[in-house]
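Sequential numbering of the sequence shown, starting at 1, is according to the UniProt record's numbering. For every residue, glycine included, the Cβ atom is placed at its ideal position computed from N, Cα and C. Computed from a prediction, not measured in an experiment: that's the story for all the values here.
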Amino acid sequence: MLRSATTSKMPLHRRTPPFLKLIHASPFHTSAALKRPVAQTTTTAIHRKSLENQSEAPTSPQCLHRLPTSNLLRNLILGAWFSSPYLFQPGLSVMRTIANSKSVFLNPDANPLLGAAVKLFIYNHFCAGTNKREIDRTKAEIKRIGFEGIVLCYGRETGVGEIDGSKAGSQEQLKAEVGRWREGNLETLDMMDEGDWMGIKLTGAGPQVTKSLMRDEEPPAAWVDAMDRICEKAKARGCRIWIDSEQQVVQDGIDRWTVDLMSKYNVNGSVLVYNTLQAYLKSSRFKLNAQLAAAKQGGWTLAIKLVRGAYIDSDPRERIHDTKEDTDASYNGIVHDLLSGTNLDLPPEKLPKVELFLAGHNPASVGAAIDLMQTLSAAGKLKVKPTFAQLQGMADELGCSILQRADGLRENGAAMVPRVYKCLTWGSVQECMQYLLRRAVENSGGTARMKDGYAAYMGELRRRTAAVVRFRV
Numbered sequence: 001m002l003r004s005a006t007t008s009k010m011p012l013h014r015r016t017p018p019f020l021k022l023i024h025a026s027p028f029h030t031s032a033a034l035k036r037p038v039a040q041t042t043t044t045a046i047h048r049k050s051l052e053n054q055s056e057a058p059t060s061p062q063c064l065h066r067l068p069t070s071n072l073l074r075n076l077i078l079g080a081w082f083s084s085p086y087l088f089q090p091g092l093s094v095m096r097t098i099a100n101s102k103s104v105f106l107n108p109d110a111n112p113l114l115g116a117a118v119k120l121f122i123y124n125h126f127c128a129g130t131n132k133r134e135i136d137r138t139k140a141e142i143k144r145i146g147f148e149g150i151v152l153c154y155g156r157e158t159g160v161g162e163i164d165g166s167k168a169g170s171q172e173q174l175k176a177e178v179g180r181w182r183e184g185n186l187e188t189l190d191m192m193d194e195g196d197w198m199g200i201k202l203t204g205a206g207p208q209v210t211k212s213l214m215r216d217e218e219p220p221a222a223w224v225d226a227m228d229r230i231c232e233k234a235k236a237r238g239c240r241i242w243i244d245s246e247q248q249v250v251q252d253g254i255d256r257w258t259v260d261l262m263s264k265y266n267v268n269g270s271v272l273v274y275n276t277l278q279a280y281l282k283s284s285r286f287k288l289n290a291q292l293a294a295a296k297q298g299g300w301t302l303a304i305k306l307v308r309g310a311y312i313d314s315d316p317r318e319r320i321h322d323t324k325e326d327t328d329a330s331y332n333g334i335v336h337d338l339l340s341g342t343n344l345d346l347p348p349e350k351l352p353k354v355e356l357f358l359a360g361h362n363p364a365s366v367g368a369a370i371d372l373m374q375t376l377s378a379a380g381k382l383k384v385k386p387t388f389a390q391l392q393g394m395a396d397e398l399g400c401s402i403l404q405r406a407d408g409l410r411e412n413g414a415a416m417v418p419r420v421y422k423c424l425t426w427g428s429v430q431e432c433m434q435y436l437l438r439r440a441v442e443n444s445g446g447t448a449r450m451k452d453g454y455a456a457y458m459g460e461l462r463r464r465t466a467a468v469v470r471f472r473v
């Protein structure tokens, strides 16, 4: 059962489960990482070799026919902005100012002109909507394109900088903050269908909960009660939950609270809660093996959402892999080892049950994962069946390519067909500003991918324009 800060007076170190004692003792723990050099996690030769043999999951011109023209145009406009050395940095500075400002004038929810500009320029591309009507319209379009379903996330979160030096709040303030977060997530569930997923940001519960995460404390009782209500409703609606990763200063607390949730809800063959593992961190392999050991010891299912990482703009650089190639090797190595059940601390026959959600925008990694899934399945050696997802507004050409490949496999009677979801974030424009800021930074870092996507979108737009001209002639 989840513990709360008010339900036990035992010293924190005595309540810490064995898995987290290992993390606290490791060189990757928050307090220790800043005091000593961080050794890079091991990347085996087999993992590096796998990079050379990856399928590039090429985007065929035909697969983009699924996208509406408005989506193509937004991809082209934003792609030009993200890849421009003259436009991107000034635009990013404006976004950062809006996201972090306390001024009413710079609050898109309070300033209708600013809100309309942000919504038109970038919000509508990366976010699902501000209310149920807008979200239902976005969901319908996602399903029409062919995605299996959605992952819906309430965009409210608390920036760590917002609480630095803040005084301790009252219990009434804590309950009010957690209550708003709880109701936002319960409302999110009301907008989801059976089989959909919900993403949750724990810092969205407010400054006091965020402070507890930063200190790696036990969760407040109000948060425990709210999270139980969210989990029970998700289970009743046939939905699943993933707990998002956040900045490293709060991640140890997030991991510990999420392990408690998994040990409570991922039992007796059912899986409800997923933790997020960031492959760009040097500690990712250590965390994976520690959580596998904890799940085995506790008799529950380890459910992982694997991402590369989205906080490179704020996470301590020494904790992140030195090169993109190292991050690629980390991500691909974890995928290979979980799908095959090899190269892990536990032997294959002693591994706990594992569920895997692959969230990624790298065509090579996704293509390699699908190839490996097919190969292992045909040989009867597939240990984990992965599910795939991309964020709304990112790598649309990759998502459409996977859908096209899935259609082909289904037509050929393949036993293992990839399931693909689209991850949508909703909330007011101001609530989503931190999320939008991260998407801008992430896209600017994928210049090569953006150029490939830009060429594909432009080719599809030319094809549609030519078709209209021929029709009128």
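Out of Arg470, Ala455, Ala467, Val469, the CA that lies nearest to the CA of Leu73 is found in Ala455. Taking 8 angstroms as the cut-off, the Cβ atoms of Val429 and Phe388 do not count as close. Runs of the beta strand (DSSP E) spanning 3 or more residues and lying entirely within the region 391–439 occur at 420–426, in chain order. Taking 8 angstroms as the cut-off, the Cβ atoms of Tyr331 and Leu306 count as close.
With respect to the 8 angstroms criterion, Asp396 and Asn75 are classified as neighbours on the basis of their beta carbons. For Trp223, the enclosing alpha helix (DSSP H) begins and ends at 221–236. Unbroken beta strand (DSSP E) runs of no fewer than 3 residues, entirely contained in the region 74–153, are found at 127–129, following chain order. For Trp181, the enclosing alpha helix (DSSP H) begins and ends at 171–190. The DSSP assignment places complete beta strand (DSSP E) segments of no fewer than 3 residues inside the region 319–364 at 354–359, in order along the chain. Ser263 and Tyr86 have their alpha carbons spaced roughly 50 angstroms apart. Three or more beta-carbon pairs drawn from the region 313–332 and the region 281–301 are found closer than 8 angstroms, and the two stretches are therefore classed as touching. Cβ-Cβ distances below 8 angstroms link Leu186 to Arg229, Ile230, Lys233 in the same chain, with the five nearest sequence neighbours on each side left out; the list follows chain order. Rounded to the nearest angstrom, the Cβ distance from Thr203 to Tyr154 is 12 angstroms, too far for a contact under 8 angstroms. Contact between the region 200–216 and the region 238–247 is present: three or more C-beta pairs spanning the two stretches fall below 8 angstroms. Your pair Leu106 and Leu114 checks out as a contact, with CB atoms roughly 7 angstroms apart and the cut at 8 angstroms. With respect to Gly206, Val249 sits apart: the two C-beta atoms are not nearer than 8 angstroms. Around the beta carbon of His361, a 10 Å sphere encloses 16 or more other beta carbons of the protein chains shown; the residue is thus reported as buried.
In the three-state reduction of the DSSP assignment, Trp197 falls in the strand class, which pools E and B.
At least 8 angstroms separates the beta-carbon of Met394 from that of Asn343.
Contact check for Val151 against Cys423 passes: the beta carbons are separated by less than 8 angstroms.
When DSSP states are grouped into helix, strand and coil, Gln248 belongs to the helix group.
In the structure shown, Arg240 adopts extended strand secondary structure according to DSSP, grouped into three states.
C-alpha of Leu376 to C-alpha of Pro348: approximately 14 angstroms in a straight line.
A contact between stretches requires three or more CB pairs, one per stretch, nearer than 8 angstroms, and the region 208–226 meets this requirement with the region 251–260.
In this structure, the CA atom of Arg317 is about 10 angstroms from the CA atom of Tyr311. Our two residues, Gly408 and Lys385, have alpha carbons roughly 19 angstroms apart in a direct line. Per DSSP, Val307 is not a residue of any alpha helix (DSSP H); the beta strand (DSSP E) it occupies stretches across 302–307. Around the beta carbon of Ser170, fewer than 16 other beta carbons lie within 10 angstroms, which makes this residue exposed. Within its own chain, the residues whose Cβ lies closer than 6 angstroms to the Cβ of Gly309, once the five positions on either side in sequence are excluded, are Gln278, Tyr280, listed in chain order.
Taking 8 angstroms as the cut-off, the beta carbon of Leu288 is found no closer than this to the beta carbon of Lys235. Rounded to whole angstroms, the gap between the alpha carbons of Gly129 and Glu411 is 35 angstroms. In this structure, Met433 is the residue among Met433, Met458, Arg405, Ala466 with its C-alpha nearest to the C-alpha of Cys127.
Going by DSSP, Val209 is part of no beta strand (DSSP E) but of the alpha helix (DSSP H) stretching over 207–214. Between Leu261 and the set Gly269, Asn268, Asn275, Ser401, the nearest pair of CA atoms involves Asn275. Where Asn289 is concerned, there is no enclosing beta strand (DSSP E), although the alpha helix (DSSP H) around it starts and stops at 284–298. DSSP places Thr276 in the uninterrupted beta strand (DSSP E) bounded by 273–278.
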